[in-house]
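Protein chains in written order, with the UniProt record's numbering: chain A, 1 to 471; chain L, 1 to 450.
Given below as structure tokens:
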């Protein structure tokens with residue numbers, strides 16, 4: 001616990017002294033290690049200690065927020081008073097009366113961190129990075145550069161609010177990334193792989209860093225020989241291993257309650273309506289052990305929970321944090337997340353996925369005469385207001401007579417969330433997870449996303465127009 | 001905050017930290033940043049959120065036996081500082097040796113820049129709140145179809161930077177900037193379209209709420225009723241905002257770091273034509289009213305005006321102290337430090353394509369059929385190493401030299417070098433969006449996928 005209960009109470013009381021009907025303090029102590037290897041050498045080894053507190057006061061729908069990295073009791077009481085005063089200047093409220101008495105909510109899951117990263121000698125972490133570097137470089141003579149990154153973070157948080165919630169939590173995350181560059185003298189291409197989760201050094205019991213490094217290198221080399229992607233409309237098969245960027249962008253963001261309440265989402269006002277093919281069920285779930293978007297408590301102290309967002313095509317639920325839930329007189333779904341003490345919590349995804357269906361993934365491919373096979377997705381973006389989204393294809397192939405054809409590079413898929421979800425006509429029985437950092441309102445948080453193999457009968461592929469590729 | 005007093009206090013602290021590390025046989029550099037910030041968000045004329053912050057941190061870089069170690073802390077108590085020194089030294093022992101690792105020596109002088117507008121601090125919060133309200137009022141007044149405010153914000157930041165190293169540098173400056181933006185949605189029938197307006201400046205008086213609000217509204221309204229178009233090849237015009245998005249992809253490739261590591265498409269091309277002869281690309285760390293302007297970079301090296309591409313010819317790359325030592329040249333003052341949490345890498349300051357001499361209207365007038373692109377989506381997925389990009393785009397269709405109907409849901413793709421070579425017109429309307437700026441540019445022909 002980062003501050004005694006008595007201090008937390010005093011701070012919350014100071015925050016509410018001028019009125020306001022909710023106060024919260026989020027204390028954080030973050031210890032990080034990061035190692036980067038590039039140009040065949042360990043270039044950076046960085047250790048960090050960062051701590052700070054964010055204080056929030058809410059009156060009605062108005063919020064005042066302040067943060068500081070001075071964690072002394074006096075300084076925090078002073079910050080709390082300033083935040084409370086800032087709110088009062090915006091809007092008076094009756095204020096909240098009565099003593100705060102703390103209770104500790106129970107998490108729905110416990111995560112077992114087997115090997116805390118701070119117990120692993122830095123030399124061992126460096127050795128792993130060096131092994132991965134050597135593995136990537138051994139793949140092909142055309143590999144010209146390899147960057148390996150390793151990072152771990154131990155984030156201790158204490159969250160307390162005027163409704164009596166008091167949570168201490170520790171989040172442990174490890175992450176490993178490989179970026180390989182291949183060049184044949186004319187063309188330069190890249191390959192990327194990553195692994196990570198809400199877990200300790202045991203991550204490397206399930207993930208072989210050398211194999212990941214070789215995969216990234218092989219992809220970079222393969223892309224040298226890939227032809228430019230075709231342009232225009234065509235059927236698209238997304239492999240289960242491709243990751244879940246599409247679902248994250250196509251509907252995930254649009255189901256966040258803040259965007260819904262501001263009428264900034266195409267899914268606003270559509271609870272209970274059919275928004276996707278009945279083959280589609282979409283779930284957000286931070287309680288899956290070890291995934292990158294997993295947690296026991298969200299950043300407001302609400303236990304993480306599994307939320308069915310779309311069930312057999314029917315929109316069931318949005319993702320809420322405390323404030324958006326309060327506006328509707330309901331409970332948070334435990335989706336209140338923030339990048340650090342410097343940020344206000346907002347509704348965010350955790351691990352989001354399309355639930356597996358019944359089809360055999362191989363049959364889906366076999367029964368697709370032509371189109372694009374997406375084997376790996378890259379980053380994406382959505383305009384939630386109209387549902388238009390794009391994402392990048394990191395590894396893609398032409399589909400010719402139901403078989404995997406030549407590799408293509410430089411493809412982007414663009415579509416409209418509701419339109420795409422409605423026309424998905426095949427859903428496989430597999431499921432592949434990927435990890436990422438999701439950006440929203442300038443805040444990045446770790447997320448996981450996944451989907452089974454799916455087929456979209458028609459999507460716009462943004463490539464370089466080439467007559468011979470046209471069907 | 002009393003920046004003068006704080007500056008003295010932190011110069012002393014940085015000096016002590018450097019001496020501690022140097023006492024253990026390393027060359028050392030302490031970087032401290034400390035600041036205050038304010039952010040105001042208004043919706044429907046109400047202050048939805050107001051954030052005030054105080055923040056500080058110290059980053060310590062040490063070099064021992066040619067090996068770099070780094071550690072940072074926000075806790076300035078003696079034990080935390082000692083731990084930071086120990087960790088930096090320990091990290092250096094595991095890093096690889098590289099003879100080019102070094103710190104800059106003392107400089108005789110730095111450019112005198114006017115970076116601290118008192119008005120930013122002196123203006124009361126109430127007045128800043130009123131400025132944001134005015135942005136929203138202006139946006140709504142522009143057209144009744146502007147019905148939803150996604151956000152209307154004002155923010156400012158006042159900060160102090162201190163650098164001390166064991167080679168004789170001990171320097172500091174304080175600066176401030178402010179900015180405001182709006183994202184509004186225009187609604188008509190079933191269609192919703194978003195538009196934005198924004199401005200950043202070193203001067204409070206340069207933030208014009210009417211301009212920001214009306215621009216956001218105009219951008220949203222003109223996109224109402226946007227439709228897809230069929231796949232085709234046609235001339236494409238990027239408005240300054242879209243052009244700056246592409247410039248963001250070019251920036252990493254112009255750093256010496258990327259070049260030395262074989263990750264730049266500009267590698268080995270100094271002296272060659274890499275863009276159309278009407279293109280000049282500049283990085284200027286001392287530009288007047290540039291929000292990235294500073295007397296020195298993240299290592300204490302003076303900032304400068306660097307021409308990277310001159311009439312389409314590549315002139316050189318951006319350097320920090322390390323990349324300069326490796327190439328045997330002088331640092332261009334581009335040791336960029338976004339935060340105290342990282343070592344100074346190579347990065348841009350105020351980075352822009354120079355203005356041409358034709359108006360955007362003239363440039364559009366010459367196009368029989370083409371696309372005026374006002375927004376791109378997924379720009380962060382472009383690959384700065386290969387130069388390949390493929391992004392979602394929307395904008396306005398050009399027919400007989402006139403902007404006609406709005407277009408959405410198309411994709412444009414290509415390679416950044418091809419794009420640069422294909423530019424056949426540059427506008428006179430250089431506009432900065434934060435620290436990156438560009439004028440309107442026209443690409444002779446591109447594939448538009450619809």
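Here a beta-carbon is modelled for each residue, glycine too, at the ideal position from N, C-alpha and C.
Taking residue i as the reference, give the member of the options with the closest Cα.
i                      : options                    : result
residue 263 of chain L : A:191, A:444, A:14, A:345  : A:191
residue 149 of chain A : A:379, A:43, A:418, A:392  : A:43
residue 103 of chain L : L:364, L:372, L:345, L:39  : L:345
residue 355 of chain A : A:362, A:430, A:117        : A:430
residue 113 of chain A : A:63, A:198, A:137         : A:198
residue 439 of chain A : A:39, A:447, A:73          : A:447
residue 407 of chain A : A:463, A:437, A:363        : A:463
residue 453 of chain L : L:312, L:347, L:189        : Residue 453 of chain L cannot be examined here, being either before or after the span of chain L that is shown, 1 to 450.
residue 78 of chain L  : L:13, L:95, L:408          : L:13
residue 99 of chain A  : A:11, A:332, A:133         : A:11
residue 285 of chain A : A:56, A:433, A:6           : A:433
residue 75 of chain A  : L:58, L:90, L:54, L:247    : L:54
residue 120 of chain A : A:145, A:103, A:111, A:154 : A:154
residue 8 of chain L   : L:368, L:160, L:100        : L:160
residue 194 of chain L : L:249, L:220, L:174, L:268 : L:220
residue 160 of chain A : A:2, A:124, A:230, A:83    : A:2
residue 32 of chain L  : L:40, L:23, L:61           : L:61
residue 433 of chain L : L:81, L:292, L:417, L:372  : L:292
Is there a Cβ from chain A that is less than 9 Å from the Cβ of residue i?
i                      : result
residue 325 of chain L : no
residue 156 of chain L : no
residue 84 of chain L  : yes
residue 46 of chain L  : yes
residue 177 of chain L : no
residue 9 of chain L   : no
Quick check: the Cα distance between residue i and residue j, rounded to an integer number of angstroms?
i                      : j                      : result
residue 154 of chain L : residue 350 of chain L : 21 Å
residue 141 of chain A : residue 183 of chain A : 9 Å
residue 204 of chain A : residue 365 of chain L : 60 Å
residue 213 of chain L : residue 182 of chain L : 7 Å
residue 393 of chain L : residue 388 of chain A : 10 Å
residue 162 of chain L : residue 426 of chain L : 40 Å
residue 31 of chain A  : residue 291 of chain A : 20 Å
residue 290 of chain L : residue 352 of chain L : 11 Å
residue 135 of chain A : residue 216 of chain A : 10 Å
residue 467 of chain A : residue 397 of chain A : Bear in mind that the predicted position of residue 467 of chain A carries a pLDDT of just 43, short of 50, making it unreliable; the figure below should be weighed with that in mind. Roughly 17 Å separates the two Cα atoms.
residue 22 of chain A  : residue 88 of chain A  : 13 Å
residue 109 of chain L : residue 300 of chain L : 11 Å
residue 108 of chain A : residue 306 of chain A : 10 Å
residue 421 of chain L : residue 274 of chain L : 7 Å
Can you name the residues that DSSP bridges to residue i?
i                      : result
residue 433 of chain L : L:436
residue 372 of chain A : A:236, A:398
residue 403 of chain A : A:400
residue 23 of chain A  : A:57
residue 349 of chain L : Per DSSP, none; premise fails for residue 349 of chain L.
residue 351 of chain A : A:448
residue 65 of chain A  : A:56, L:51
residue 302 of chain L : L:296
Between residue i and chain L, is the shortest Cβ-Cβ distance under 9 Å, so that the two count as touching?
i                      : result
residue 469 of chain A : Only weak support exists for where residue 469 of chain A lies, its pLDDT of 39 falling under 50; the coordinates are left without a value.
residue 409 of chain A : yes
residue 138 of chain A : no
residue 176 of chain A : no
residue 43 of chain A  : yes
At least 3 beta-carbon pairs within less than 8 Å: the region 176-183 of chain A vs the region 213-225 of chain A: The region 176-183 of chain A vs the region 213-225 of chain A: in contact.
How do the region 374-383 of chain A and the region 235-252 of chain A stand: do at least 3 beta-carbon pairs fall below 8 Å, yes or no? Contact holds between the region 374-383 of chain A and the region 235-252 of chain A, because three or more Cβ pairs, one in each stretch, are under 8 Å apart.
Please determine if the region 400-415 of chain L and the region 239-249 of chain L are in contact, where contact requires at least 3 C-beta pairs separated by less than 8 Å. No contact exists between the region 400-415 of chain L and the region 239-249 of chain L.
Under 8 Å, with one C-beta from each stretch per pair, do the region 270-281 of chain A and the region 17-24 of chain L reach the 3-pair mark? Flag = no, the region 270-281 of chain A and the region 17-24 of chain L do not touch.
Using a Cβ distance threshold of 8 Å, determine whether the region 367-382 of chain L contacts the region 370-380 of chain A, with at least three qualifying pairs required. Counting Cβ pairs under 8 Å, three or more are found: they touch.
Cβ contact check for the region 84-92 of chain L and the region 117-127 of chain L: 3 or more pairs under 8 Å: They do not touch, by the three-pair rule.
For the region 174-187 of chain L and the region 200-217 of chain L, state whether three or more C-beta atom pairs, one from each stretch, are separated by less than 8 Å. By the C-beta criterion, the region 174-187 of chain L is judged to be in contact with the region 200-217 of chain L, since at least 3 inter-stretch pairs fall below 8 Å.
How do the region 333-347 of chain A and the region 51-70 of chain A stand: do at least 3 beta-carbon pairs fall below 8 Å, yes or no? They touch, by the three-pair rule.
Is it the case that the region 22-41 of chain L contacts the region 141-148 of chain L, given that we only count it when at least three CB pairs across the two stretches are under 8 Å? Between the region 141-148 of chain L and the region 22-41 of chain L, the count of Cβ pairs shorter than 8 Å is below three; the stretches do not touch.
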